[in-house]
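Numbering (my numbering), first residue to last: 5 to 439. A virtual CB, placed ideally from N, CA and C, is assigned to each residue, including glycine. Notes follow once the structure below has been shown.
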Amino acid sequence: MKEYLKNDWLEKLKGGEAGWQELYHLIILPMYNEPHEVVRESFLTLAKSNYPKDKLIVVLAIEERAGEKAKEVARRISAEFGASFFRFLVTSHPANLPGELAGKGSNETWAGKKVKELVIDPLKLPYEKILVSVFDVDTQVLPNYFARLTYAYLSETDRDQASYQPIPLFTNNIFETPALARVIAFSSTFWHMMNQSRPERITTFSSHSMPFKALVEIGFWATNHVSEDSLIFWQCYLHYNSNWRVVPLFYPVSMDANVAPKFWQTMTNVYKQQRRWAWGVENIPYMLYGFTENKSIPLRKKAYWTFHIIESFHSWATNALMIFALGWLPLYFGGEEFNKTLLSYNLPQITRFLLTLTSVGIVSSAILAIILLPPKPNWFRPIHYFMYLIQWIVMPATLIIFGAMPALEAQTRLMLGGKLRLGFWVTPKMRSKTI
């Protein structure tokens with residue numbers, strides 16, 4: 005990632021990639037009740053992009069149910085940035101449409117269809133010349149982001165059968181967050197960084213991009229699911245008979261870490277956000293049903309994805325708990341007979357070895373987190389580097405409390421169904437001015 009950040013991707017496009025000037029970027033930013041400061045920061049980064057602005061179509065997608073506050077934010081953003089792009093559009097997603105779940109997916113679909121109707125079709129812009137990026141409204145991009153995305157797209161041989169995934173850095177407000185929230189935010193970033201090295205195993209997450217032509221062909225995002233950001237991968241994978249993949253960009257976008265006026269409120273929000281992400285387990289029935297209906301997908305691919313996805317969610321919910329309990333639980337419940345066995349002696353040794361390996365990962369994470377910190381505020385002193393390193397001692401606890409537990413709850417709720425099913429919980433976004 006650091007190597008890619010050094011490159012001037014616009015110059016690379018100008019130096020050899022034919023046809024890049026013909027590409028348009030459609031950027032959809034769904035919002036609910038986020039404050040003006042958060043939305044404005046994201047639009048400032050879009051306005052500072054070095055990609056030609058006459059190729060950027062930007063949509064701010066607000067919710068009717070958010071009331072006048074959201075409309076006022078949209079008016080202020082439109083007044084400041086409306087003339088900064090080729091086209092700028094504000095859409096308002098109606099509340100309580102039949103068959104829809106109130107959430108990000110239904111808002112994005114409404115916005116996508118509206119921009120198609122009001123901008124793309126009237127201007128006769130070819131769908132195959134448009135890349136659509138859907139960003140959470142707190143997503144901030146670097147000046148070279150769209151040049152990097154364009155370069156990656158044009159470099160792919162089967163470019164129209166792929167999604168394009170950046171690395172999410174939860175660092176926009178990292179200096180305002182408590183230590184626990186910082187550790188969890190960086191842990192999420194590191195997980196996505198590792199996944200980019202295994203592109204054959206990743207699906208889409210949060211902010212990502214894809215060809216607009218494919219989006220139209222599959223019927224836009226699902227409007228009745230919470231995890232529309234990952235479900236869009238399966239929609240495409242099934243529609244194109246497994247000829248769909250995720251291309252890692254090895255390039256970051258920055259997003260907000262969780263922060264609230266009070267510590268316990270922040271921790272509650274962290275838990276709820278992790279639980280919502282873990283609700284992505286709802287994609288498993290969709291995937292399996294699609295596999296049974298689609299006879300064109302090879303059995304080998306069906307088996308691979310079935311094992312990988314189920315194992316991933318199983319590990320998320322159980323691994324931390326198993327490592328925590330493995331060393332002492334059998335000794336406690338095994339009784340005298342078990343305590344006399346060779347296994348009872350070796351079990352703590354094995355656990356100790358696993359924890360030693362884990363500690364190496366924790367130290368590496370602590371160092372990498374320091375490297376990834378954004379520009380420091382004026383109050384940041386050398387002592388803060390020590391504090392930002394020592395905070396990682398809480399990581400084992402966070403893996404259980406904010407990793408395994410919300411995943412177990414999400415999976416249990418999905419199993420029981422009914423009123424226990426989760427809706428779309430909107431993560432509160434705020435800055436120090438609004439706390």
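Annotation: Met419 is outside any beta strand (DSSP E); the continuous alpha helix (DSSP H) that includes it extends over 409-420.
Pro182 has its alpha-carbon roughly 16 Å from the corresponding atom of Pro381.
Take Ala226, set aside five residues on each side of it, and the residues of its chain with a beta-carbon closer than 6 Å to its own are Gly109, Glu232, Leu235, in chain order. Collapsing the DSSP output to three states places Leu30 in a strand. Between the stretch 287-307 and the stretch 364-383 there are fewer than three inter-stretch CB-CB distances shorter than 8 Å, so the stretches are not counted as touching.
DSSP lists Pro34, Thr95 as the beta-bridge partner residues of Ala65.
Rounded to the nearest angstrom, the Cβ distance from Gly107 to Val230 is 6 Å, consistent with a contact under 8 Å. Collapsing the DSSP output to three states places Tyr55 in coil. Counted as a single uninterrupted DSSP element, the alpha helix (DSSP H) harbouring Ile394 occupies residues 386-394. Ala218 is not bridged by DSSP to any residue.
Boundaries of the beta strand (DSSP E) around Pro256: 249-258. For Tyr8, the enclosing alpha helix (DSSP H) begins and ends at 6-10. Note on geometry: alpha-carbon atoms of Thr431 and Asn262 lie some 8 Å from one another. Here Ile206 carries a coil assignment [DSSP, helix/strand/coil]. Per DSSP, Gln200 lies in no beta strand (DSSP E); the unbroken alpha helix (DSSP H) holding it starts and ends at 183-200. Under DSSP, His212 takes part in a beta bridge, and its partners are Val138. Contact fails between the stretch 381-390 and the stretch 258-278, because fewer than three Cβ pairs, one in each stretch, are under 8 Å apart.
Secondary structure at Pro289: helix, using DSSP grouped into helix, strand and coil. Around the CB of Asn350, fewer than 16 other CB atoms lie within 10 Å, so the residue is classed as exposed. Scanning its chain for C-beta atoms nearer than 8 Å, with the 5 sequence neighbours on each side dropped, one finds around Glu38 the residues Val77, Val141, Asp142, Lys433, in chain order. Boundaries for Ala22: no beta strand (DSSP E) harbours it, and the DSSP string shows neither H nor E there.
Below 8 Å, too few C-beta pairs join the stretch 176-193 and the stretch 116-125 to call them touching: fewer than three. Inter-residue distance for Asn100 and Asn247 is about 35 Å (C-alpha atoms, whole angstroms). With contacts defined by Cβ atoms closer than 8 Å, Lys57 and Phe89 form a contacting pair. Leaving aside the five residues that flank Thr175 on each side, the residues in its chain whose CB is nearer than 6 Å to its CB run, in chain order, Ser258, Pro378. Look at Gln278 here: in three-state DSSP terms it is helix. As the crow flies, the alpha-carbon of Lys344 is around 39 Å from that of Ala414.
Non-local beta-carbon contacts of Ala218 in its own chain, meaning distances under 7 Å to residues more than five positions away in sequence, involve Asp164, Cys240 in chain order. A Cβ-Cβ separation of about 5 Å places Ala166 in contact with Arg249 under the 8 Å criterion.
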